[in-house]
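S.K.:
Residue numbers (mature numbering (1 follows the signal peptide of the UniProt record, and there is no 0)): -20 to -1, 1 to 1010.
This is the structure we're talking about:
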């Protein structure tokens, strides 16, 4: 029990019930499972809840994981014989999944989902019990007291699971063998059947059709929550429980059970509070039914203070030890805001008081974690100690803001730290070499122990026939002396194993033998290294990874989808500044200030000039230079980064407006062409930066939304530009150019870009809404980037996408000239305002389709493809009809929305409206598709640069064709032909999209994998989001 130097009586009373049962740290029995139990979300989360959050979540339609976890635990326990003291919750179910009484995929899927938490210190049977606690709790049920210490069976147990076809006498006998009387049997069945249901694939006579919930599945009651509805609906006679009113009377086992005592017990369970109280008691008894030889712990309670991630690193010269790690402080009843300082008061190796180590509040995810009503605040520390005197233990001193000091002494013994043999993580390597996979482990051993044996005991998972759960194979390897460094000697050992086991093995480092033995326990060689030095549990970072061949970093295996760990600032304003949402807003401002203003001028028809041909020639020059620069997007972004590229792009924004202004006012055409050429070079930097950011920054399920918002903001510029132009030219219903003042307005808008570009955050510091950083691969040389660019261009997929790249903006020049030749100035200005306005409204719906979580990428891609293709085909047919009509009209005809040409204007303008909306849809779709094949910044700068390059090639060709009056009808024929080539090739690429949503890994700044997001559900992500908002 912690002692208190100064503490209020109120806090003493409030914490007494917890402190009285807090174990002494470390505990090999509980420490690993204590983390898994209490750290569900937030900082240092173990994420066990991810599989069952929300309660309705399942691995496939018609499945509910929480119910499957509960069912698996019961089936495992249900063959127990409490009188004989055999069976119970012992994970024997792993050998029994082929039995008819355990029909269905739920059992094996449950075991597989828990393998990531299965270690030599966390048995599968303890995890099954934890699954009941977490599954029931996630569904709103009671918080069942959780004990640990279960021992896994090594073979199948007897048969005897209750089955739907059993009569009442048989059912009562089976439950009695488990230790439950008739009333308890009724209660346990009701508790087990308040979530979940029956699958027709397993019980076709019970669910013969599609089921009440679809997907051949019928629920037990009308909710997915843990509540009394299963009882109230039965008692009220309106139940749809397939085991009560199902079409197969021989399978109505719930009816048989509930009516076993004349409906007395089930009627008493209609009260929700009574139901949950009864279930808490019965389910606790169920998970605590174990063989008589097994002794369970007391119910787990969280440590009020727990050391985490402790690490000792010996300096190269052996003189210093760097002691680092964290302290987890329980803040459930006392908020972290009441804590002023957290210090470690440590003792040297000889037991003498040595000094104080200060800690700081953790910043990643604000250092806040917890779950199921518990909250913890993390604190980090690092201190350099003398290697000779070192450290043997420490107490934790917490000073509150009111001056109160709490001393935590770990029940009077201090928090011990063994320093006789220490794993050296920085030197330890994992070699993922298929020919010779092995671990090369380095340890520092106190020189005074040099004459004792030094060994490694390794624990490696090995497959077990007939089970999806491996067993732990142990072996010993001698450590070999390397060299002496001061107070310590370095030792090393090579441990060979199958390549699949390199990331899941554990090792103990052992110095000495018999009565003189010191051990560093539980060092995990995978995602993190977990280890317990002698008597203390701590974690360090992963060892160095040597992937694939050893010919340099360019041969390293890299994951283009992996998100990164990123520091979360304590200031909410800094967090917002670094958020993806803020970066998207800044990029939207840049698009508004630059390309949007340029597009607004182009949207007037020929740049708003009386004759469009000079403007089209200038635009052709712009897009030619832009295409050349954009092609090298990957190498450029790799060299200078996204923010710098945006700054270069913004520098050239005013050139575009100034070129039109000078030409309009002074008639200097060469400057217009020169300015647009330089603008093309600078704008290419923005194009490639935008592409990389739009694809890489957002999470996969938010990418369509963010791209559509960016597209919308880009259209806002056209809307504003169109509104301004329309206001300045509202009385001009004839042909000709726009007024000079119009270009001054555009020029002012373009000057906004550069200061906005300085607001962008460095990519490495950008924070997604779920608290992770954006995917980034290791920086490569310019030569390597050019090589990768060339390889990308040769890929079949790239070649198939080039036509759609060209098509996306090819229509701008075509439609600009179409408007210039056939509509009045104010009609063009009005079109430039109304078209983008409608696109802003419609395009987010398209983005929402691409973000649907219930569908896989391929299905969403096919839907998006047809949503874009069908209107585009309609547009092309329509415009051909219009062109035929115009060919029979006077050349001087300019349609206006005012009487008498209103109807004609609408008929001839509507295809252009479809083009505007579908043009932005095509951009959204192509960006989204590229993001499905890679998410990292470097790859997407490369692919995005190629996209923007070919896109601008299309624009250059389009404006070049339209720079000659004699070709005014030919462009639509070319546009139609290009569309005909693009559509089938794009569809073939869509068919290459993955069927299922991708599993993303989590990596640190060095690229080491430290976890994955594959199990994270929206609610878990929301917990991290709430942490960010604190």
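The beta carbon of each residue, even a glycine, is placed where N, CA and C say it ideally should be. Every value quoted in this text rests on a predicted model; they were computed, and no experiment measured them.
#1: How is the alpha helix (DSSP H) around residue 764 delimited, first residue to last?
#2: For the beta strand (DSSP E) that contains residue 470, what are its first and last residues?
#3: For a minimum of 4 consecutive residues, which ranges assigned as the alpha helix (DSSP H) are wholly contained in the stretch 646 to 700?
#4: When the Cα of residue 486 is compared with those of 496, 686, 475 and 492, which residue comes out closest?
#5: Less than 7 Å between the C-beta atoms of residue 924 and residue 672, yes or no?
#6: I'd like to know whether the C-beta atoms of residue 765 and residue 634 end up nearer to each other than 7 Å.
#7: Specify the secondary structure class of residue 178 as computed by DSSP and reduced to three states.
#8: Where residue 360 and residue 376 are concerned, what is the direct C-alpha to C-alpha distance, given to the nearest angstrom?
#9: Do you know offhand how far residue 859's Cα is from residue 963's?
#10: Within the present structure, is the beta-carbon of residue 455 separated from the nearest heavy atom of the ligand GTP by less than 6 Å?
#11: Rounded to the nearest angstrom, what separates residue 488 and residue 454 at their Cα positions?
#12: Determine which residues share a DSSP beta bridge with residue 291 and list them.
#13: Could you tell me which residues DSSP pairs with residue 899 in its beta bridges?
#14: If distances are taken between C-alpha atoms only, which option among 254, 609, 160 and 559 comes closest to residue 657?
#15: What is the residue span of the beta strand (DSSP E) that residue 334 lies within?
#16: I need the DSSP call for residue 372, collapsed to helix, strand or coil.
#17: Please go through the same chain and pick out, in chain order, the residues whose beta-carbon is closer than 6 Å to the beta-carbon of residue 115, but skip the five residues on each side of it.
#18: May I have a chain-ordered list of the alpha helix (DSSP H) segments no shorter than 4 residues that lie completely inside the stretch 218 to 304?
#19: For residue 311, collect the residues of the same chain with a Cβ closer than 7 Å to its Cβ; drop the 5 residues on either side in sequence, then sort them by chain order.
#20: Ignore the nearest five residues each way along the sequence and tell me which others in residue 824's own chain have a CB closer than 8 Å to its CB.
#21: Identify the residues that DSSP records as bridge partners of residue 327: which are they?
#22: For residue 884, which residues from the same chain have a beta carbon less than 8 Å from its beta carbon, with the 5 sequence-adjacent residues on both sides left out?
#23: CA-CA distance, residue 961 and residue 780?
#24: To the nearest angstrom, how far is the alpha carbon of residue 414 from that of residue 321?
#25: Take the Cβ of residue 864 as the centre, count every other Cβ of all protein chains shown within 10 Å, and call the residue buried at 16 or more, exposed below.
#26: Leaving out the 5 sequence neighbours to the left and right, which residues in its chain are closer than 8 Å to residue 969 when beta-carbon positions are compared?
#27: Could you tell me the boundaries of the alpha helix (DSSP H) in which residue 839 lies?
#28: Per DSSP, what kind of secondary structure is residue -11 in: helix, strand or coil?
#29: Would a C-beta distance cut-off of 7 Å place residue 614 and residue 662 closer than the cut-off?
#30: In angstroms with no decimal places, state the Cα-to-Cα distance between residue 787 and residue 410.
#31: Are at least three pairs of beta-carbons, each pair with one atom in the stretch 328 to 347 and one in the stretch 264 to 284, less than 8 Å apart?
#32: Looking at the unbroken alpha helix (DSSP H) that takes in residue 452, where does it start and where does it end?
#33: How far does the beta strand (DSSP E) with residue 441 in it extend, from its first residue to its last?
#34: Report yes if the CB atom of residue 892 is closer than 7 Å to the CB atom of residue 789, and no otherwise.
#35: Within 10 Å of its beta-carbon, does residue 270 have 16 or more other beta-carbons around it, so buried, or fewer, so exposed?
#36: Pick helix, strand or coil for residue 805, following the three-state DSSP scheme.
M.R.: So, from the data block:
#1: 762 to 774
#2: 468 to 476
#3: 649 to 676
#4: 475
#5: yes
#6: no
#7: strand
#8: 13 Å
#9: 19 Å
#10: As far as ligands go, the structure on display features none, and thus does not contain the ligand GTP.
#11: 10 Å
#12: 304
#13: None, per the DSSP bridge assignment.
#14: 609
#15: 333 to 338
#16: coil
#17: 32, 46, 49 and 50
#18: 222 to 225, 233 to 238, 244 to 248 and 252 to 267
#19: 355, 356 and 357
#20: 685, 688, 689 and 692
#21: 333 and 373
#22: 875
#23: 10 Å
#24: 49 Å
#25: exposed
#26: 777, 780, 781 and 909
#27: 837 to 866
#28: Because residue -11 sits at a pLDDT of 28, beneath the cut-off of 50, its placement in the model cannot be relied upon, and the following sentence gives the value as read from the coordinates. Correct three-state label for residue -11: helix.
#29: no
#30: 48 Å
#31: no
#32: Run containing residue 452: none in the alpha helix (DSSP H); it sits in the beta strand (DSSP E), 451 to 458.
#33: 434 to 442
#34: no
#35: buried
#36: helix
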